[in-house]
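Positions 57 to 550 (this note's numbering) are the ones given, in order, by the sequence shown. The C-beta atom is built at its ideal place from N, Cα and C for all residues, glycine as well. A short worksheet on the structure shown next.
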Amino acid sequence: MNSLRDLNSDAVLRFGPYAFHLRQRLILEGDRPLRMGGRALDILQVLVERAGHVVSKDELIAHVWPTSVVEDINLRVHIAALRRALGDGQNGQRYIVNIPQRGYSFIAPVAHVPVGTLVSIEAAQKPQHNLPARLTPVTGRDSIVGSLVRQLPVRRLMTLAGPGGIGKTTVALRVAELLLQHYEDGVWLVDFAAIDDPAHVVAHLTQTLELEIGTPLDVLAKRHTLLVFDNCEHLLERCRTLVEDLLMSAPRLSILVTSREPLQAAGETVQRLPSLAVPPTSALHCVAQAMGYSAVQLFVSRARARQQGFALREQDLKAVREICRRLDGLPLAIELAAAQIDALALVGLQAQLDNCFQLLTQGRRTAVPRHQTLKAALDWSYEQLSLMEQTVLQRLAVFKMAFTLDAAIGVISCEVLKPGQLTALVQRLVAKSLLSMDHVNGIDRYRFLNTTRTYALEKLERSGHLRAFERHYAHYISRARWVSGVQLPMELVE
């Protein structure tokens, strides 16, 4: 069989009852998407593209794990998972066979449908989506993507919430890709990033769906469709009413929202998107172990894209771990830092971390301004805050570690900012993804991302009040140490 390597990336590879959509990295059995991790898909693509040929273990490992040292057992685990997913060996159909001492071969017949011939097969249907082509793999999000894919058709309204740079749009688009075949009437991305006036929201939706101007939205009433409402945080009230109206009038419609804070809409399920996993110091003994953490995987992947031949070495592990940790595991920050590997090298990147906003100014030119750099993303969030919310964010930045609400009141409350008012303001900053909250042993503790705290401290210093609140902070610590029966909060000791 001829090699399929020259196929257009939009082609569909068909074997048995399966269709492998290369651009979407999606495997369908009929109209049902198969759940497969990114590594398994990489392996399958190599094998299917070279169907009928033997691919050595070393070649597979080099293709799928190009930046790390991986043992054969990792490959065998993924091959076994592929065979289970494809029902390999059931009903007499074999797909992947092991050729002893040589490697693996995909032995089932493979047919390919180039994008130009899809019209005859799919009866010249109108486009069923407007999703952009994905240029890079999604790193470290398999679990949350799988959860959203399973829940969204049932729950109908889900919001991916998190701070700027956490990767909400990336995850939403991956979920949309995997659900393409589930929604009969298509999947549509509606990006509100460039819309500033709430009065233009409906017109923008109508235009995106290619409806005539003035078409009532009840035209969606019978459609089985997924809408992805991206970047809604600055249009919360209008998006909330629109979403509620749409879901009420269109019972087969689902909506996935991305926003830095929830819509607070009826029936909304909120999924907070966590940072990528940063390895602990105990995982720095070998490259393979460190590469098991998604923040490191992303850094290495983006560094290799910028610097040909970049390879993670054992002596680099401390520096890479520190870069990922100081950047909070934020995908945007890690990508921007890795993009400067040519100019600064690892030592230079690490040295620049104390001035991280200088470091993270080389942005994505094709993005809207507030998505181009981490500082731009934080500027955007900050400008959406009320004056009192800005004040509280600045003053709380004197806390170096997690803090309780009592500690916050003790350090930053004043005549203008009373305790009851401060409680509500802190909760609003949590809702807007500028603070995170953990409930541990019955106590709520609040914490900044390092990048957000650095930004807020800079604002506090420019306001001229940094030294005053550092003194308040020191006084609170001193008083807590000496008042009888009061234990100094752990977050203040460190």
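Quiz item: Where Ala232 and Gln345 are concerned, what is the direct C-alpha to C-alpha distance, given to the nearest angstrom?
Solution: Counted from its first residue, the sequence shown places residue 232 at position 176. Counted from its first residue, the sequence shown places residue 345 at position 289. Taking the straight line joining both Cα atoms gives about 32 Å.
Practice problem: Enumerate in chain order the residues of its own chain whose CB-to-CB distance from Gln31 is below 7 Å, with the five nearest sequence positions on each side excluded. | Solution: No statement about residue 31 is possible, as the shown extent of the chain runs from 57 to 550 and does not include it.
Quiz prompt | Distance, Tyr511 Cα to Gln408 Cα | solution = Working through the sequence shown from its first residue, we reach residue 408 at position 352. Working through the sequence shown from its first residue, we reach residue 511 at position 455. Roughly 15 Å between the two C-alpha positions.
Quiz item: Is it right to say Thr271 is buried, meaning 16 or more other beta carbons lie within 10 angstroms of its own, or is it exposed?
Solution: Locating residue 271 in the sequence shown gives position 215, where the first residue counts as 1. The residue is exposed, with fewer than 16 neighbouring Cβ atoms inside 10 Å.
Practice problem: Return helix, strand or coil for Leu329, following the three-state DSSP convention. | Solution: Taking the first residue of the sequence shown as 1, we reach residue 329 at position 273. Coil at Leu329, not helix or strand.
Exercise. Verify whether the separation of the beta carbon atoms of Asp398 and Gln371 is less than 8 Å.
Key: Reading the sequence shown from its first residue, position 342 is the one you call residue 398. Reading the sequence shown from its first residue, position 315 is the one you call residue 371. It is not a contact, given that the beta carbons lie outside the stated cut-off.
Quiz item: Quick one: is Ile99 near chain B, going by C-beta distance under 8 Å?
Solution: Protein chains in the displayed structure number just one, and chain B is not present.
Quiz item: Residue range of the beta strand (DSSP E) that Asp500 falls in?
Solution: Translated into positions along the sequence shown, residue 500 becomes position 444. Annotation for Asp500: the continuous beta strand (DSSP E) segment containing it runs Ile499 to Arg503.
Self-check item: Straight-line gap, Thr192 to Ser305 (C-alpha atoms, nearest Å)
Solution: Working through the sequence shown from its first residue, we reach residue 192 at position 136. Working through the sequence shown from its first residue, we reach residue 305 at position 249. C-alpha separation (whole angstroms): 37 Å.
Quiz item: Contact between the segment 514-528 and the segment 450-470: three or more CB pairs below 8 Å?
Solution: Judged by Cβ distances under 8 Å, the segment 514-528 makes contact with the segment 450-470, as three or more pairs qualify.
Quiz item: With a CB to CB cut of under 6 Å and the five nearest residues on each side skipped, what residues in its chain are close to Arg230?
Solution: Locating residue 230 in the sequence shown gives position 174, where the first residue counts as 1. Result list for Arg230: Val194 and Val201, in chain order.
Quiz item: Are there three or more Cβ pairs, one per stretch, closer than 8 Å when the segment 213-222 is compared with the segment 304-318?
Solution: yes
Quiz item: How many angstroms separate the CA atom of Ala67 from the CA atom of Leu368?
Solution: Taking the sequence shown and counting its residues from 1, the one referred to as residue 67 is at position 11. Taking the sequence shown and counting its residues from 1, the one referred to as residue 368 is at position 312. Whole-angstrom Cα-Cα distance: 34 Å.
Exercise. Return the residue from the list Val482, Tyr160 and Ala375 that minimises the CA-CA distance to Gln101.
Key: Start at 1 with the first residue of the sequence shown, and residue 101 comes out as number 45. The shortest Cα separation from Gln101 among Val482, Tyr160 and Ala375 belongs to Tyr160.
Quiz prompt | Phe71 versus Ile155 - alpha carbon distance | solution = For this step, residue 71 is matched to residue 15 along the sequence shown. For this step, residue 155 is matched to residue 99 along the sequence shown. C-alpha separation (whole angstroms): 20 Å.
Quiz prompt | Status (buried if at least 16 other CB within 10 Å, exposed otherwise) for Ala463 | solution = Residue 463 sits at position 407 when you count from the first residue of the sequence shown. With 16 or more other Cβ atoms within 10 Å, it is buried.
Quiz item: Can you tell which of Asp253, Val284 and Arg279 has the C-alpha that lies nearest to the C-alpha of Thr264?
Solution: Position 208 of the sequence shown, counted from the first residue, corresponds to residue 264. Minimum Cα distance to Thr264 is reached at Val284.
Quiz item: What is the rounded straight-line gap between the Cα of Arg81 and the Cα of Ile499?
Solution: As a working note, residue 81 is residue 25 in the sequence shown. As a working note, residue 499 is residue 443 in the sequence shown. Arg81 and Ile499: Cα-Cα distance of roughly 43 Å.
Quiz prompt | Range of the contiguous alpha helix (DSSP H) that encloses Glu85 | solution = Counting from one through the sequence shown, the residue named residue 85 turns up at place 29. Glu85 -> not in any alpha helix (DSSP H); beta strand (DSSP E) instead, spanning Leu82 to Glu85.
Quiz item: Going by C-alpha distance, which of Ile117, Leu513, Ala137 and Pro122 is nearest Asp551?
Solution: Here the chain comprises residues numbered 57 to 550, so residue 551 is not present and cannot be evaluated.
Practice problem: Flag this pair as yes or no: are the beta carbons of Val454 and Glu526 separated by less than 8 Å? | Solution: Position 398 of the sequence shown, counting from 1, holds the residue named residue 454. Position 470 of the sequence shown, counting from 1, holds the residue named residue 526. Result yes, Cβ atoms of Val454 and Glu526 sit closer than 8 Å.
Self-check item: Which of helix, strand or coil DSSP assigns to Ile155
Solution: Here residue 155 refers to the residue found at position 99 when the sequence shown is read from its first residue. In this structure, Ile155 counts as strand in the three-state DSSP scheme.
Practice problem: Measuring alpha carbon to alpha carbon, tell me which of Gly385, Asp384, Ala96 and Arg360 ends up nearest Ala395. | Solution: Counting from 1 along the sequence shown, the entry for residue 395 is found at position 339. In terms of Cα proximity to Ala395, the closest of Gly385, Asp384, Ala96 and Arg360 is Arg360.
Quiz item: Opposite Asp198 in the DSSP bridges: which residues?
Solution: On the sequence shown, residue 198 is found 142 positions in, with the first residue counted as 1. DSSP output for Asp198 lists no bridge partner at all.
Self-check item: Leu103 versus Pro73: straight-line alpha-carbon distance, rounded
Solution: On the sequence shown, position 47 is the one that residue 103 refers to. On the sequence shown, position 17 is the one that residue 73 refers to. Whole-angstrom Cα-Cα distance: 17 Å.
Quiz item: If you draw a straight line from the C-alpha of Lys557 to the C-alpha of Gly221, how long is it?
Solution: The structure shown has nothing for residue 557, since the chain only spans 57 to 550.
Quiz item: With which residues is Ser161 paired in a DSSP beta bridge?
Solution: Taking the sequence shown and counting its residues from 1, the one referred to as residue 161 is at position 105. Note: Ser161 sits in a beta bridge opposite Val110 and Val153.
Quiz prompt | Sub-8 Å separation of Leu556 and Ala375 beta-carbons | solution = Look at the range of the chain in this structure, 57 to 550, and you will see that residue 556 is not part of it.
Quiz item: Relative to the alpha-carbon of Val496, which residue among Cys470, Phe504, Ile468 and Thr460 has its alpha-carbon at the smallest distance?
Solution: Taking the sequence shown and counting its residues from 1, one reaches residue 496 at position 440. Ranking Cys470, Phe504, Ile468 and Thr460 by Cα distance to Val496 puts Thr460 first.
Quiz item: What are the start and end residues of each continuous beta strand (DSSP E) run of 3 or more residues lying completely inside the segment 247-282, in chain order?
Solution: none
Quiz prompt | DSSP bridge partner residues for Asp435 (one or two, in chain order) | solution = Position 379 of the sequence shown, counted from the first residue, corresponds to residue 435. Asp435 is not bridged to any residue.
Quiz item: If you check the beta carbons only, do Ser315 and Ala217 fall under 8 Å apart?
Solution: For the purposes of this step, residue 315 is taken as residue 259 along the sequence shown, with counting starting at 1. For the purposes of this step, residue 217 is taken as residue 161 along the sequence shown, with counting starting at 1. Yes.
Quiz item: Going straight from the alpha carbon of Val153 to that of Ala167, what length do you get?
Solution: In the sequence shown, the residue the question calls residue 153 occupies position 97. In the sequence shown, the residue the question calls residue 167 occupies position 111. Spanning the two alpha carbons is a distance of roughly 19 Å.
Quiz item: Does DSSP put Thr226 in a helix, a strand or coil?
Solution: To locate residue 226, count along the sequence shown from 1; it is residue 170. In the displayed model, Thr226 falls within a helix according to three-state DSSP.
Quiz prompt | Whole-number beta carbon distance between Asp274 and Asp247, since they are thought to touch under 8 Å | solution = The sequence position of residue 247 within the sequence shown is 191, counting from 1. The sequence position of residue 274 within the sequence shown is 218, counting from 1. At roughly 23 Å, the Cβ-Cβ gap does not stay under 8 Å, so Asp247 and Asp274 are not in contact.
Quiz prompt | Beta-ladder partner(s) of Arg91, from DSSP | solution = For the purposes of this step, residue 91 is taken as residue 35 along the sequence shown, with counting starting at 1. Answer is none; Arg91 lacks a bridge partner.
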